[in-house]
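Remarks on the structure that follows.
Numbering (UniProt numbering), first residue to last: 1 to 605.
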């Protein structure tokens, strides 16, 4: 088959053209094999200690790339054609066979030289994340109405895909028919969770680039090859920063270093347990309950990877905002531009009571890695990005690095805790939390709490407004929400950033907006935009999106490009920021920044 030459950006090799994805390129449908197909010497090694610690069984490598200087060798990233079944756009022949030209196979019909178009549907198993071609010739000759003569028809190059006159544009209007025995079936019969199983088709238990079949008892179903559920990538992103320990980690370490901790841990409920707890608590200056919890948990179970990465980032941001920037770290440059007192001096007393600090992140390195993927559903079997069977070899995770800038803002913990404890605020978020629990990707979602939803919504409002003020498109901006509400290490902050693959980073248009008067103006404009939505009162009064994944939020007021959002434009609510006025049963609900909006009206009246 003649090779298809196509250039990708390096970032696209992680998403959306990553391992396992089915993509359309130059009129052909291709699938990306796993990294066992890569030659490590051709894939540059990428270093990021924080991300490497989470992916300890492998290493981060960038995809082979086109040489950027004359004389240097260019390496290619291989893709496989999938599905193999295609139909001719001229004679409608449905076949796996292709034409040839000067000894090479081409994407042309063998009969009429028309262009070949990949079939719409492929078969995926429910739960196994496997994908394969639908055996179209066998499928056409099966079914309840198939006769013995039909089932015995053998040549498989006699199928055509035809449209039934007057049947409309639905699948019912498309039929696959056999020229030899005249058997035909409507494509609508291939749809359904049990349609392929009833026809006797079973899963091959493999990916398209793998040659060996395995036993897989799970049922097959036909899925559009471009369906979003057909490829659910699992990526992990980290800011490459000098990680700071959380206060709880520091406290736990101090307890474990105590001379009598080993005795306490050996028998925490023994006759001397209480006495040892009191002794360690007194000498470390910590509460007895904390000492007892550390002793009973042993090494303690670690939170998920994203939570761990964010915890370290949050601690580093807080540390840098409290002290002057360490100039010896060129990859992480943070400048505090304002504290709450300076915000108040700039003219916003209400905002000063909510915001603790904000600052400019002049340079940050962002590293992302593709760990693997699933198909059809989030509870399906996990497929690693590297399927090599050699246990001694380290796995390769497709990775990329980007350099950029951003704005970090932190909130006053006391004010935020008081607000989120209000009964109406808790009740308002209950539906969103339930939607998160039943979501297909619930295992990867953060805890949907009042503070998380409020900060997430504010982040979206800022993303929309910053697109006008910073010079960057909204799709090039991204968010990182820090809103884990633990008692020992509470987080309350938003980091909005942009990054590019250029080692020189970006141009500073975002970081300069972190100056107090600039940023306060942008924030007030964002809140003013959110007060009225073009879809109100429908947007304000009724839940939006599937299974009420949003409340007062829609494309007219709060949604952004899905690549900019951590959770695909879900779990948003303007009312948590602006108050419940106009919403039945929530009229008295306070908004986190309601007083800020009221104050701005007074100032500019």
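We put the beta carbon where it would ideally sit given N, CA and C, even for glycine.
- Fewer than three Cβ pairs drawn from the stretch 590–599 and the stretch 487–500 lie within less than 8 Å of each other, which leaves the two stretches out of contact.
- Counted as a single uninterrupted DSSP element, the stretch harbouring residue 190 is not any beta strand (DSSP E), since DSSP gives it neither H nor E.
- Counting along the chain, residue 282 sits inside no beta strand (DSSP E); it lies in the alpha helix (DSSP H) bounded by residues 273–284.
- Spanning the alpha carbons of residue 273 and residue 393 requires a straight line of approximately 46 Å.
- Per the coordinates, the alpha-carbon of residue 574 lies some 21 Å from the alpha-carbon of residue 439.
- Looking only at 365, 165, 360, 322, the smallest Cα-Cα distance to residue 516 is reached by 360.
- One thing to note: residue 153 has its Cβ no nearer than 8 Å to the Cβ of residue 114.
- For residue 125, the enclosing beta strand (DSSP E) has its first and last residue at 121–125.
- For residue 409, DSSP records a beta bridge to 358, 494.
- In this structure, the CA atom of residue 5 is about 18 Å from the CA atom of residue 117.
- In the displayed model, residue 58 falls within a strand according to three-state DSSP.
- Contact between residue 474 and residue 498 fails: their C-beta atoms lie close to 10 Å from each other, not under 8 Å.
- The residue from 552, 128, 308 with its alpha-carbon nearest to that of residue 230 is 128.
- Residue pairing by DSSP places residue 22 opposite 31 in a beta bridge.
- Beta-bridge annotation (DSSP): residue 235 is paired with 370.
- Fewer than three pairs of CB atoms, one per stretch, sit closer than 8 Å, so the stretch 305–312 makes no contact with the stretch 278–291.
- Secondary structure of residue 516 (DSSP, three-state): helix.
- Per DSSP, the continuous beta strand (DSSP E) segment holding residue 337 begins and ends at 332–339.
- For residue 569, the three-state secondary structure derived from DSSP is coil.
- Contact between residue 60 and residue 77 fails: their C-beta atoms lie close to 16 Å from each other, not under 8 Å.
- Within the same chain, 556, 557 come within 8 Å of residue 534 by CB-CB distance, once the 5 residues on both sides are set aside.
- When only Cα atoms are considered, residue 371 and residue 432 end up about 28 Å apart.
- About 5 Å separates the beta carbons of residue 34 and residue 19, which is inside the 8 Å limit, making them a contact pair.
- As computed with DSSP, residue 403 is found in a beta bridge with 365, 500.
- Taking C-beta atoms as the reference points, residue 192 and residue 142 fail to come closer than 8 Å.
- Only buried fits residue 63, as 16 or more other CB atoms lie within 10 angstroms of its CB.
- Per DSSP, reduced to three states, the secondary structure at residue 160 is strand.
- The beta carbons of residue 94 and residue 159 sit closer together than 8 Å.
- Counting only runs of 4 or more residues that sit fully inside the stretch 122–155, the alpha helix (DSSP H) segments are 136–140, 148–151, in chain order.
- In the three-state reduction of the DSSP assignment, residue 532 falls in the coil class.
- Assignment of beta-bridge partners to residue 395 by DSSP yields 58.
- Take residue 44, set aside five residues on each side of it, and the residues of its chain with a beta-carbon closer than 7 Å to its own are 61, 62, in chain order.
- Distances from the alpha-carbon of residue 358 to those of 216, 335, 430, 91 put 335 closest.
- Counting along the chain, residue 450 sits inside the alpha helix (DSSP H) bounded by residues 450–469.
- For residue 44, the three-state secondary structure derived from DSSP is coil.
- In the DSSP assignment, residue 95 forms a beta bridge with 86.
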